[in-house]
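Chains as they are written, first to last, in the numbering used here: chain A, 34 to 522; chain B, 564 to 1064. The beta-carbon is built from N, C-alpha and C at its ideal position, and this holds for glycine as well. Here is the structure we will look at.
Below, the structure is given as structure tokens:
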């Protein structure tokens, strides 16, 4: 398969899969699940064969069609997008295994619609990852918002619909009201929106306008949940847990931070932005979000909401890292995208496993649960340690690079932010671990339970292993992402 | 070019016009509808054929009965008329195909043959305006189409349509009379009715007062028929109380055909003859366009009847078309013309979706539509697609024309910044009024449903839904594959501006 075919196949496979899933869903549930798994596996095959090319420094691309003179639908694979696509496609397979266990274990309704929309969302994610210009990115960004709406409102009761409204309202209005004007602005001053190494805005825009444009981009990409456009993420927690796990810890939120990093690196250019004082605010906004979201997380009693606020904080790590505007910090941003994904998807898997096995959702109910569900809670512990950044987990590696970048820029405020937030992360995750392992079990009699279904356990064991694996062996990721900043002409 | 193809311009008018009287004879239930739809489909096919020819670089000239221009009736189809013919016949066909169930409900069986006959006359009249090459035939066809569309608007069961149509009739007649006065003055000074001859002969008498007066009368008269703000007052009620299928048909094309004549006169006949006419044209129409966008959108934001809401949105959208034209530049005019096509797509989709809604909801007030998306998820999804296109989200047709308008505004310097602000503000207001519908349909619990009960799914008839979705998908198609409308619009814009430096 030529690289061009592989790129287009990465978009077409999930869509074709969605069609197949929809058709087989009427016939037989097992057949439908087979389709999901096969589609996910095929997607991995398509996406991952691009990896060696990118390592070798190639940038395969396809131009699909010209919409307007100068505006086209085009794809180009570069290190950051490659990492995002490889991560999302790989985790989709694991998440599909988990979904099967979860959806059946909880006897959810409308399962066919669930799997169909999931596949469509993945197609949108691939489009975002491989987008070669701002216009293409925006198209798939909106497609992702719309295709995840039915997943968020899956349950369909009044409370869910209210939350889904917040979800859609914030994401759509931010993207149309802020992101779109920013894109149009960029096209009109630079004459192009193609992602170019070193940026396209140099010499076209200056002074406070740089900060304003950056603001439109950052808050327009509300999927990155930089405060104050973060409210949709806790609201989205009404979705079934596999959705929270893959979309609201990995695909959707990462699409937001991915967009921001990509715009900083390929539209503004790191050096250009570093020299522009009006862009400094981004660093402070991200740092504020990290601290504030961690403080809010401290007070949460619902496990999934706690994880949501933790996600908001962790996303801003990525934004802050990229806002440090130094090569190592950009690598750290990419690394943290991956590390947080492995850790957070494990945590969500564990939360879903607990819900499936026992219907428990609140922190207070988790006393002594480690003895009933040892595998789940071991995985949860690994994920939580990764969030705090304790070795031997992936979170340690990415924080290391971010800190190294902060030292490159002599940015001690970043250092302080990371130290404070690490303490806060520990303050809200360690009590849970303590409760689970060392408190006495308080499950009411008659509601005894064991582990979740096998498919669920398998999935969370794999992602927990990945979290440790990335600590042991992060060299390839570093090699790939250092091209991001090294490849400047 | 083969012999039958040469006759296409006249067939565009003759086919619906000759079938119209025959329709009256088709008494059995459903037959009149079938024949009308077939005639409309045939017209659509002719329009497509003409468009292919025009895209191939051909301009159709046709002399009726072999009588050459000064003596006989001349017809002409260029890229501008082809663009509008596509919109016109496409809208009519979609409205008829989708509208069978709705029309059966709204029009009593024994009046249907007459109603459909009027429909075809309106189609023939509007097509005639688009192909006619002289000022008087434009007037004749204008009258045919106007009279027929009064019948169409008043044809429904809603008695409130009668005062609405009376207003429409009075204002439409004033508009047509103004136009006729203007044409009469020009005829007095030049002795010709052919647009091509006027273009040349006006030059000699250009600065004389009757010509200036004529230009004023014609512009105002046509602006009235095109519902240019503040002459739009007939439009909202006429659209609201007309039968739903008629709204689909007329909203997509009726006012645009008058705009077509306006552009043809102002750009081809007056622009290069009257000194400073382009400046006057811009100074007169640009403020009106800006006001139309702002006021129309603002009223739509507070309107609670879905049809009235979209009618006011139409007033605003006509403003965009006019704004593009009033910039008197290649990009601006291209954007305006493109918006004719793209707005027809989006508004057509929206009114089709409203027609689907009307099959289940007799009352189209927003508060009655609470939870409509649960009963009719497909209909409401199509409405969302049409709404996105109306807002101008990338990936939909609406984006393409707004992009042209924005780039055109950028050329205008300081004034351009103001125009950009207007376009952006108008689009944001569109977000608000589309969101109000989405809010009601998707996020509000239906009032009468017992708590906890699962709502029944009761979608519109399949054919109606299929056509609505085809329209919705064409919004996306023409948002991505923009070649054909863009080619037509830019060629037409270049053609209209050919005399300006």
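- Scanning chain A for C-beta atoms nearer than 8 Å to the C-beta of residue 797 of chain B yields nothing, as the closest lies near 32 Å away.
- The CB of residue 191 of chain A comes closer than 7 Å to the CB of 1008 in chain B, given here in chain order.
- Our two residues, residue 346 of chain A and residue 651 of chain B, have alpha carbons roughly 54 Å apart in a direct line.
- In this structure, the alpha-carbon of residue 908 of chain B lies about 30 Å from that of residue 186 of chain A.
- The C-beta of residue 58 of chain A comes no closer than 9 Å to any C-beta of chain B.
- If you check the CB distance, residue 238 of chain A and residue 246 of chain A come in under 9 Å.
- The alpha carbon of residue 98 of chain A has as its nearest neighbour, out of B:1058, B:1040, B:1057, the alpha carbon of B:1040.
- Neighbours of residue 175 of chain A in chain B, taken as residues whose beta carbon is under 9 Å from its own, are 951, 956, 957, 958 in chain order.
- Sequence-ordered contacts of the region 973-1005 of chain B with chain A read 973, 987, 991, 994 [C-beta pairs closer than 7 Å].
- Classified as buried, residue 265 of chain A has 16 or more neighbouring CB atoms from the shown chains inside 10 Å of its CB.
- Closest option to residue 337 of chain A, judged by alpha-carbon separation, among A:276, A:307, A:431, A:50: A:276.
- Judged by DSSP in its simplified three-state form, residue 842 of chain B adopts helix.
- Residue-level contact check: residue 969 of chain B touches chain A, since one or more beta carbons of chain A fall below 9 Å from its beta carbon.
- Note that the region 762-771 of chain B does not touch the region 679-697 of chain B; fewer than 3 beta-carbon pairs, one per stretch, sit closer than 8 Å.
- Within the same chain, and ignoring the five residues on either side of residue 252 of chain A in sequence, the residues whose Cβ sits closer than 7 Å to its Cβ are 207, 211, 259, 262.
- Residue environment analysis places residue 505 of chain A among the exposed positions, since fewer than 16 neighbouring C-beta atoms fall within 10 angstroms of its C-beta.
- Looking at the backbone, the Cα of residue 958 of chain B and that of residue 968 of chain B are separated by about 16 Å.
- The residue among B:714, B:991, B:1062 with its C-alpha nearest the C-alpha of residue 677 of chain B is B:714.
- Residue 807 of chain B sits close to residue 917 of chain B, with the two beta carbons spaced by under 9 Å.
- Contact of residue 838 of chain B with chain A is not assigned, every C-beta pair being separated by 9 Å or more.
- Taken through DSSP and simplified to helix, strand or coil, residue 586 of chain B comes out as helix.
- Identification of residues in the region 630-649 of chain B having a C-beta nearer than 9 Å to some C-beta of chain A yields an empty set.
- Residues of the same chain with a CB within less than 8 Å of the CB of residue 598 of chain B, apart from the 5 flanking positions on each side, are 582, 585, 586, 589, 679 in chain order.
- Where residue 94 of chain A is concerned, the enclosing beta strand (DSSP E) starts and stops at 94-101.
- Non-local C-beta neighbours of residue 789 of chain B in its own chain, meaning closer than 7 Å and more than five positions away in sequence, comprise 818, 821, 822, 825, 881, ordered along the chain.
- Counting the other Cβ atoms within 10 Å of the Cβ of residue 302 of chain A gives 16 or more, which makes it buried.
- Here the alpha carbons of residue 279 of chain A and residue 184 of chain A stand approximately 12 Å from one another.
- Think of a sphere of 8 Å around the beta carbon of residue 149 of chain A: no beta carbon from chain B falls inside it, the nearest being about 14 Å out.
- Here the C-alpha atom of residue 419 of chain A lies approximately 31 Å from the C-alpha atom of residue 193 of chain A.
- In summary, residue 452 of chain A is exposed, with fewer than 16 beta-carbon neighbours lying within 10 Å of its beta-carbon over all protein chains present.
- If you check the CB distance, residue 108 of chain A and residue 164 of chain A come in under 9 Å.
- Its Cα nearest to that of residue 647 of chain B, the residue B:613 stands out among B:620, B:619, B:613.
- Taking CB atoms only, residue 98 of chain A has a neighbour in chain B less than 9 Å away.
- Within the region 210-228 of chain A, 210, 213, 214, 216, 217, 220, 221 place their CB atoms closer than 9 Å to a CB of chain B, listed in sequence order.
- Residue 484 of chain A is positioned such that its CB atom lies no closer than 9 Å to that of residue 400 of chain A.
- With contacts defined as CB atoms closer than 9 Å, residue 832 of chain B and residue 858 of chain B fail to qualify as a contacting pair.
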